[in-house]
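In full-length UniProt numbering, the protein residues as written are 1 to 615. I have placed the structure first, in the form of structure tokens, so that the comments after it can refer back to it.
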Amino acid sequence: MIRLTVAQAVVRFLARQWSERDGAERRFFGGCAGIFGHGNVAGLGQALATSTEDLPYRLSRNEQAMVHTAAAYARAANRLSTLACTTSIGPGATNMITGAAGATINRLPVLLLPGDIFSTRAAGPVLQELEDQRSYDISVNDCFKPVSRYWDRVNRPEQLPSALLAAMRVLTDPAETGAVTLALPQDVQAEAFDWPDELFARRVWHIPRPRPERAALARAAELIRSAARPLIVAGGGTIYSEATARLQAFAEACGIPVAETQAGKGALPYGHPLALGAIGATGTTAANTLAREADLIIGVGTRYSDFTTASRTIFAPDAAFLNLNITGFDAAKLSGLQLVADAREGLTDLAEACAGHGTPAAYRERAAELTRAWDTAVDAAYALEGTPIPQAAVIGAVNAAAGDDGVVVCAAGSMPGDLHKLWRPSGPGSYHVEYGYSCMGYEIAGGLGVKLAAPEREVFVLVGDGSYLMMAQELVTAVSEGVKLVVVLVDNSGFASIGRLSQSVGAERLGTSYQRRDGGPLPVDLAANAASLGATVLRPETVADLRKALDTARAGDSTTVIYVRTDRMADDVPSSEAWWDVPVAEVATTSATYAARGTYEANKRSQRPHLTPPT
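Written out as structure tokens, the structure reads:
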């Protein structure tokens, strides 16, 4: 037995958790990010300060941002490792909820350790306590329940072992993973207890690779063999399971073109003969054209978001679906034939079951022809010049600077859609865009997580002025931790994506530009702000200047912000020729809104339920 406080026990336990897949072991927790307050400083704060365990502490500047950092770390580590996050009770805790939602939606493991109110209630109501007349057992941490895959409150030391083990079970289960919340009352954190030695033994969590059920595999192979125009949609699960080599081998053996979701981009490297690029509302015309013609959609590790399916308008009404996914929940979508398995193992078995089968040469050549046409359009967009610098040219310059070892990080706004269409990935892990939750403010915090997980890679963060103004402070964390980021800050004085969407639905760009009440420009200098936060700042005026700035930043050893002015009114990226369902007002005072409503109703008629099961 060993006598420790609850907080000390938590730290010791976390430091001794490992994950293993395919024989390779790694520490599951790369560290603990935190901001201390009265709800956790005397407990977890004291434990981390005096611990000799290998669980480094990193000071964050915003609680939401630290969860984004942990989620990005987990994604860059293919969900085999993550960070723990601790905060005080009150606003420190509730600030993490947005990050928790993003992690759960994106199926990424993060461990949240918010402080909580007194378990004894001796001093209640304490500072920041949410009083509820229905129960004394409610705190703000109950808000985490709907956005957590596992949630628990440790009111007694005896409850801690089962709570910790349950948390690890969920975090390391690829079918269940997401945010896990363990609420720790502040008095319980400081309480001592005699713990069994085995609680702190080195524990290895084996990440499973389940294989598909034999009968389901036979049905899947029959479906593939009967298809004349199959199309693979590769999602994030393909990359997390490290199945990209198997995907390529399967696609080549069967002659099936591959389209990619946001999370799946890079599943095939740019230039591969069967790589169509992005699919859906932000897709390429190559992928979307073949999607409309395909008689079989093979989803690999995708959850079929509305952007991927163009709000269920991109696939033919009679298309069949075969869904290879680690979770039955996602495998069952669109009435697909379910192949519940690890992506790598499932693709291996499919390749064996479909040996000797291949699509006609004419179909493969059509895919290549469509891709060449899209490449020509991207070349033209990347070659644009002008002042302000066109956004497409910014992406092209960053793409070139990233090379084979770079990672691009982005999140909400117009940039992710443009990146999905235009970016030419070097392979898995080179493209990191948070688009499941589309959370503004993710970018810099996410870039920090990627760099911590993969310090050998160059990390390029693309962030718009809107997202920057919401969460720029993790630049300070990057500087203080000595973590190098290349941040390309694109300033177009407003919200370009929502501005265009607003205009298209008759809202006339309300609230989408940064200006004074009198209509004049705001006297705001974001570049100076970045410099005040400790970053080196460069201000290119032309595309040539931007390329030089990127070379300078890449050659440097500290965080650099490259400030670029663009025009939010410009639309210099080729169209995906796909739709996204955003309702338009039925009654309005402008003809533009009525016209937009007519277009909306026409597109609504093309939506399909995809309820017919495959035969």
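Where a beta carbon is used, it is the ideal one built from N, C-alpha and C, also for glycine.
Check                                                                                                       : Outcome
For V67 and G115, believed in contact at Cβ under 8 Å, the rounded distance                                 : Wrong, their Cβ atoms sit about 15 Å apart, outside the cutoff.
Range of the contiguous beta strand (DSSP E) that encloses R565                                             : T560 to R565
Per DSSP, the bridge partner or partners of D194                                                            : R3
L337, enclosing beta strand (DSSP E) - first and last residue                                               : L337 to V340
Span of the alpha helix (DSSP H), counted from its first residue to its last, around Q473                   : Premise fails: Q473 is in no alpha helix (DSSP H) and is neither H nor E.
Start-to-end residues for the beta strand (DSSP E) that takes in W374                                       : Run containing W374: none in the beta strand (DSSP E); it sits in the alpha helix (DSSP H), A361 to Y382.
D116 (DSSP reduced to helix, strand or coil)                                                                : strand
Test item: CB-CB of A163 and D152 under 8 Å                                                                 : yes
Whole-Å CB distance - N106 paired with Y437, under 8 Å assumed                                              : 7 Å
Distance between R75 and Q186 (C-alpha atoms, nearest Å)                                                    : 31 Å
Residues near T94 in its chain [Cβ-Cβ closer than 7 Å; skip 5 each side]                                    : V140 and C143
Beta carbon of T518 nearer than 8 Å to that of D491                                                         : Thr is not the amino acid found at residue 518; the sequence shown has Asp there. No, Cβ-Cβ distance for D518 and D491 is not below 8 Å.
Beta-ladder partner(s) of Y57, from DSSP                                                                    : C32
DSSP beta-bridge partners of W580                                                                           : W580 pairs with nothing; no bridge assigned.
Environment of L352 [buried if 16+ CB atoms lie within 10 Å]                                                : Looking at the sequence provided, one finds Glu at residue 352 rather than Leu. Under this definition E352 is an exposed residue.
Closest residue to A592 among Q503, Y240, V564 and Y563 (Cα-Cα distance)                                    : Q503
Simplified DSSP state of F200, which is helix, strand or coil                                               : helix
Rounded straight-line distance, which links the Cα of V463 to that of I498                                  : 15 Å
The stretch 350 to 367 in contact with the stretch 244 to 251 per 3-pair CB rule at 8 Å                     : yes
Top-ranked residue by Cα proximity to Y270, from T371, F321, V180 and D330                                  : T371
Among E345, H357 and T308, nearest to L334 - alpha-carbon criterion                                         : T308
Residue burial classification, G386 (beta-carbon count within 10 angstroms, cutoff 16)                      : exposed
Beta-bridge pairing of R219 - partner residues as DSSP gives them                                           : Partner(s): none; R219 has no beta bridge.
Option in G511, R547, D557 and G283 with minimal Cα separation from V479                                    : D557
Spatially closest choice to M569 from L522, S493 and F28, by CA coordinates                                 : S493
Assumed close pair V378, F460 - CB separation to whole angstroms, cut-off 8 Å                               : Contact flag wrong, Cβ pair sits at about 18 Å.
As assigned by DSSP and simplified to three states, the class of A84                                        : strand
Pair within 8 Å by beta-carbon distance, F200 and R12                                                       : yes
Integer Cβ distance of L322 from L223, believed to fall under 8 Å                                           : 5 Å
Residue range of the beta strand (DSSP E) that includes P185                                                : A179 to P185
D551 - containing alpha helix (DSSP H), residue span                                                        : V543 to A555
Distance between beta carbons of R61 and V476, contact taken as under 8 Å                                   : 5 Å
Cβ neighbours of E577 in the same chain (closer than 7 Å, five flanking residues each side left out)        : T285 and N288
Outcome for H420 when other beta-carbon atoms lying within 10 angstroms are tallied against a minimum of 16 : buried
Helix, strand or coil at T536 according to DSSP, with G and I counted as helix                              : strand
Residue(s) in a DSSP beta bridge with Y431                                                                  : V408
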